[in-house]
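Q: If you read the protein sequences in the order shown, they are chains A and B.
Heads up, the first sequence is in the numbering used here, so the first residue is 1 and it goes up one at a time.
Heads up, the second sequence is in the numbering used here, so the first residue is 1001 and it goes up one at a time.
C-beta atoms are modelled at their ideal positions from N, C-alpha and C, and glycine is treated no differently.
What you are looking at is a predicted structure, and each value in this text was computed from that prediction instead of being measured.
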Amino acid sequence: MGKSGSKPKTKNLLPDYVNSWFAGRGWTLRPYQRQMIEAFTARRSTLLVAPTGGGKTLSGFLPSLIDIHQTRPSGLHTLYLSPLTALANDIERNLGAPISEMALDVTAESRTGDTPSAKRRRQRVKTPNVLMTTPESLMLMLSYADAARMFASLKLVIVDEIHAFAHTKRGDFTALALARLADVAPNHISFGLSATAMRPEMLAEWLGGSRGATDIIRAKSAPKPKIRIMKTKRKTPLGGYMAQYAVPDIYKAIRSADTSIVFVNTRAQAELLMQMLWEANDENLPITVYHGSLNREQRRKTEAMMAAGKLRSVVATAALELGIDWGDVDLVIQVGAPKGVSRLLQRIGRSNHRLDEPSRALIVPSNRFEALECRAALTAISEGVLDGEDVLAGSQDTVIQYIVNCACSEPVLPDSLYGEVTRALPYRHLPRAQFDRLFRFAVDGGAVLSAYDRYQRLREDESGHFTVAHPSVRRRHRMNIGVIVEAARLKVMKLHKNGKTGRVLGEVEEHFAQGLTAGDTFIFAGELLAFVRLRDLIIEARAASSGQPKIPAYAGGQLPLSTFLAEGVRHVLSTPESWRTLPAEVREWLELQRRFSILPPEDKLLIEHFPHRKARATIFYTFEGRRANLTLGLLITRRMERTGLNPISFMVTDYGLCIVNLEEIGDSAAKALFSPDILGDDLEEWIMESSILRRSFSHVARVAGLTEQQQVRGRATARQLAVSANLIYDVLRRHEPDHILLTVARRDAERELLDLKRLSDMLTRFSGKLIFKALDRASPLSIPVITDVRTEQVQGSGVEMLLAQASLAEDADKLIEDVRAALA
Amino acid sequence: MPPLPECENDRTRIESCFAGEAVVLDASGALYLPDHAVLIVSDLHLEKGSFFAARGRPVPRHDTRDTLARLARIIGYYRPSCLVCLGDSFHDIRADQRMAAADLLTLKGLLAKCRDWVWITGNHDPQIAPTFGGRCAVRERAGSIDLIHRPEDGAPPLIAGHYHPKCRVRAAGRSMTGPCFLMGEQILLMPAFGAYAGGLNIRSEPIAALFGPEGARRAMIYREKLWFLD
């Protein structure tokens, strides 16, 4: 067959009913959709990278629908895995149309935690051809004795939004479930679908597991998006995180677009920006807010209104990033720095579902450092470079859960389980000895004292196989499958006028409720509410008309600056030619820095030291992200305390670390503070004293089946009967400090909380490459760092928060004036 | 009465008064009545770890050893003539079958150090295995004070356990929780002494209901120090 043969082949590829269905919709088969059908026929596992809205999901399902219709299998044929329950449900709905319109003989159902148990039981007996599910539900199915039978006929696994799985504990969990599936159903191939091209080779390897990297199909990329930094009437402030200065301009942009999405980085920012936009909303445009703390109904309502074109704009967090269909969005506004290039592209991809037109987007930096970061991101996008992370060694508590899961299904041999586990990419380097320790823990808790080893979770039979020691082990394990441990949450209910019944708006973290007293007003779901009382784990509130609102401070909303983008910012700083497109005030700020001190060079690390508010400030411009800077700050202040330099406090931003102390610090002393050996004893002591390890242990204990996620919270009996992870932690530290779970918790803490790897890479890289500048006052570059308020931690009233930012902005302006005067 | 060791002001113990009797609250969670030379501990929940372990939960089992070691320390300090365990000393009635031989030996050593040892029965341990020694009682008296497991079962003034009271305070933006003594006019509620005993917030219904509107003084244990909160 020559070139001429390729066209008829395409035609033959599709049965008539598919051809006419496509024709009926005025669609043509996209090249990558054809390639996916070919991949299925050739039984090649494949990763498809295609933009959102380009029929990506259909590309995965089309070959499967055709094959099912032709071969009429009696059981499960295709398994679809999604990171979100909502997405699985959404796909079930969307798949209904092609199935019924083409009159296909295909059964397709979803199965998630929300599926009624009767239906779930039925699904195990009479399995639909296509099953849409989440990793947790898959793992649960794999724990049943009939797993092998259920999955025997499996031909295809589709992993949607695959990039959302890599790099996380949940991704490790999913990789293990897929490794198990490869064993139970050896005849299937895997399709991965992703909208961002973040390290596709790595994702292909992750998806392929032991079978090696899968093929990769890249859709022809859409035209480069049109992104620019938003021009604003008022100047970009030196510091701050709320972009209040740009609200009139953001409002104007919303008005000029048909439908827009305003992305912010945290839930608190979403609520506050929503409030500020409402105040500016003279035309009463339909604008609403969308984030992960709102309840499902509220979110569904917003999604439906958005799809129907009834909303002009939504202020949203990352909760909206994954591929649920959002109708025609023609403008995306990113408020605050993007923190990562891939993330920014993913967000921008939400605008414009027509592939041949460029997406339109505006970025609004909330301070001048963020302007640099936005500039670096735009350069990366125009050059087509993306950031991504390496695969980290998988979390080990997940392995324990996996071992028990397998033993629930059938008797297992440690040797073969080890083989399975190491076939998953995150675990390919897991040493056998460590696996054996984890296995031992799964068996009997890893008891070290012979007097105690009578009690077992798994029992060994004569042939060396292990199986659950008691049916209750199975029951309890199944109730606790998964690795997501949520902070305790309370529902927020807005009471009706009668003061008795109400409507649930969503959930907030428990600690927010502890700070409320009756009458306090707060903003939630874009509404001003007054706290009435806490009842049965529900915060009851009524509509309020005025008052100084508090903003819930949500945990874990902040993303650290990606290493890649940090490089970009360093590069922008050291190449004045790239400043052209920066706002004038940002250019002037950098120019002042160059004249007054020095611009941080790309390959060196700048330290500045100057008198500040009756004390001395030392700034380390690391650009390594807030988390790494926080750890560095804790370590350096410890060392300063020991060497008598009297540290008072420190502040961190994504860009730098500021330490305030009483003594003057010279060149060599400052450089000595920043040395790689700080990761030795200081780190050790600090980790032991802080509560970081304790928190990490409680998570690990839950995943490893030591404790249970409390289903019935607050019930006296339930609480008293459980053993809390906290108490176990104390006892273990005293009596068995090398316990396997303490080791696992330690690894997790280092990986997830401290960004230690990033920190040690940086310390090594800049070792001997430090520049020290002693100055007589604060430098322009330091001003955003020394006047930083961490709004995410402010629990006071929203108005106070803005006042604090305003007064700091004044401070900052005064400091800049000082520099100008000194240079004049 | 043996002379009370000098009270250093390091918050390891606080002298106070309850129902007309002198009491010493100890940061370990024990209570000492100097006029009667009686040392009281409550809710040891010995063998709670093995209780879970026996049901296939891989809970590490050092809790009994830990609890006994702390008990040994305070017995060595106060040298009481009588030790009263205020109930739920064992997590269940089969604890004796699971206790390690070494731990049983430690426990017997402690019993030998006190002239009198009373196991008040609780809901977890309605019977005490004779292996352990000591004597068993539903209630005990110290002067005018009733010593009992559940406060509802006694006649005030009384000292009781059962609820594992725990409280939370917020200061300087931080939140701290710890087990606590609750001292009302007529009822003194003891914190749980056992390593795995856990706690129940004092604002929850059953505890709050005990003290009525006048409430109770709280002495919270935080990092092995004792703090009166009012």
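Just verifying my parser: in three-state terms, what is the DSSP assignment at W1119/B?
A: In this structure, W1119/B counts as strand in the three-state DSSP scheme.
Q: Kindly indicate if chain B contains any beta-carbon less than 7 angstroms away from that of H735/A.
A: It does: the Cβ of H735/A has a partner Cβ on chain B nearer than 7 angstroms.
Q: For the putative contact between A778/A and F610/A, defined by C-beta atoms under 8 angstroms, what is the C-beta separation to the nearest angstrom?
A: That pair is a contact at about 6 angstroms.
Q: So what does DSSP say about E1140/B, is it helix, strand or coil?
A: It is a strand residue.
Q: Our contact map puts H1124/B next to F1090/B with C-beta atoms below 8 angstroms; I'd like the distance itself, whole angstroms only.
A: About 7 angstroms separates the two Cβ atoms, so the contact holds.
Q: So the alpha helix (DSSP H) H69/A belongs to, where does it begin and stop?
A: Taken as a continuous stretch (DSSP letters only), the alpha helix (DSSP H) holding H69/A covers K56 to T71.
Q: For a contact defined as C-beta to C-beta under 8 angstroms, what are the partners of G705/A on chain B?
A: R1057 and P1058, listed in chain order.
Q: Taking the alpha carbon of N284/A as the reference point, which residue from Q275/A, G292/A, I539/A and H291/A has its own alpha carbon closest?
A: Out of Q275/A, G292/A, I539/A and H291/A, Q275/A has the C-alpha closest to the C-alpha of N284/A.
Q: Which residue or residues does DSSP assign as beta-bridge partners of W1227/B?
A: According to DSSP, W1227/B bridges with M1220/B.
Q: Please report the residue range of the beta strand (DSSP E) in which S597/A lies.
A: Here S597/A belongs to no beta strand (DSSP E), and DSSP marks it neither H nor E.
Q: Can you find a CB in chain A that lies within less than 7 angstroms of the CB of A1172/B?
A: Note that A1172/B scores a pLDDT of 47, beneath 50, so its modelled location is shaky; the value from the coordinates is reported in the next line. Output row for A1172/B: interface = no.
Q: Return helix, strand or coil for K1166/B, following the three-state DSSP convention.
A: Three-state DSSP puts K1166/B in a strand.
Q: Taking Cβ-Cβ distances shorter than 7 angstroms, what residues in chain B pair up with A469/A?
A: Result: G1056.
Q: Would you mind telling me which residues of chain A sit closer than 8 angstroms to S1081/B, beta carbon to beta carbon, in chain order?
A: Those do not exist, as S1081/B stays about 30 angstroms from chain A at its closest Cβ, beyond 8 angstroms.
Q: Note down, one range per segment and in chain order, each alpha helix (DSSP H) of at least 4 residues found wholly within the region 590-653 of chain A.
A: Fully enclosed alpha helix (DSSP H) runs of 4 or longer: 626-642.
Q: Taking all protein chains shown into account, decide if H41/A is buried (16 or more other Cβ within 10 angstroms of its Cβ) or exposed.
A: Contrary to the premise, residue 41/A reads as Thr rather than His in this sequence. When all chains shown are included, T41/A counts as exposed.
Q: In terms of alpha-carbon separation, which member of S724/A, E685/A, E624/A and R694/A lies closest to R765/A?
A: Of the candidates S724/A, E685/A, E624/A and R694/A, the one whose C-alpha sits nearest the C-alpha of R765/A is E624/A.
Q: CA-CA distance, G240/A and A824/A?
A: Whole-angstrom Cα-Cα distance: 28 angstroms.
Q: Give every residue of the same chain whose Cβ lies closer than 6 angstroms to the Cβ of I1128/B, excluding the five residues on either side of it in the sequence, and list them in chain order.
A: Closer than 6 angstroms at Cβ, skipping near neighbours: W1119 and C1136.
Q: Kindly list, in the order they appear in chain A, the residues whose Cβ is closer than 7 angstroms to that of A1053/B.
A: Going along chain A in sequence order, the residues near A1053/B (Cβ under 7 angstroms) are G445 and Y455.
Q: Does the Cβ-Cβ distance between S597/A and L775/A come in under 7 angstroms?
A: Contact: yes.
Q: Based on DSSP bridge pairs, tell me the residues matched to C658/A.
A: Note: C658/A sits in a beta bridge opposite I619/A and M651/A.
Q: Quick one, are the C-beta atoms of V660/A and I648/A less than 7 angstroms apart?
A: Against a cut-off of 7 angstroms, the Cβ pair of I648/A and V660/A comes out as a contact.
Q: Taking 7 angstroms as the threshold (C-beta atoms), are T236/A and R368/A in contact?
A: Contact: yes.
Q: Once you ignore the five residues that flank A204/A on each side, which residues in its own chain have a CB closer than 8 angstroms to its CB?
A: The residues are L47, G192, A213, T214, D215 and I216.
Q: Where does D436/A land, buried or exposed, given buried means 16+ other C-beta within 10 angstroms?
A: Label assigned to D436/A: exposed.
Q: Please identify, using Cβ separations under 8 angstroms, the residues of the region 1065-1091 of chain B that lie next to chain A, in order along the chain.
A: Of all residues in the region 1065-1091 of chain B, R1065 and D1066 have a Cβ within less than 8 angstroms of some Cβ in chain A.
Q: Considering only C-alpha positions, which residue in the set I66/A, G26/A and G24/A is nearest to R34/A?
A: The candidate whose alpha carbon is nearest that of R34/A is I66/A.
Q: Does the beta-carbon of A316/A, which I'm using as the reference point, lie nearer than 6 angstroms to any heavy atom of the ligand ATP?
A: In the structure shown, the ligand ATP is absent, as is every other ligand, since no ligand is present at all.
Q: In the structure shown, what three-state DSSP assignment does T379/A receive?
A: Note: T379/A maps to helix in three-state DSSP.
Q: So which of C658/A, E588/A, R218/A and E271/A has the shortest CA-CA distance to A50/A?
A: Among C658/A, E588/A, R218/A and E271/A, the Cα nearest to that of A50/A is on R218/A.
Q: Output, in chain order, the set of chain B residues within a Cβ distance shorter than 9 angstroms of V700/A.
A: The premise fails here: V700/A is roughly 12 angstroms from chain B at the closest Cβ pair, so nothing lies under 9 angstroms.
Q: Counting contacts by CB-CB distance shorter than 7 angstroms, is A1195/B in contact with chain A?
A: Yes, its Cβ sits closer than 7 angstroms to a Cβ of chain A.
Q: Please compile the residues from chain A whose C-beta is within a distance smaller than 8 angstroms of the C-beta of S1042/B.
A: Per Cβ cutoff of 8 angstroms: no residues; S1042/B is ~13 angstroms from chain A at best.
Q: Does H1062/B get closer than 7 angstroms to chain A when you measure Cβ to Cβ?
A: Output row for H1062/B: interface = yes.
Q: Run down chain A in chain order and give the residues with a C-beta less than 8 angstroms from the C-beta of K1048/B.
A: Within chain A, the residues near K1048/B are V723.
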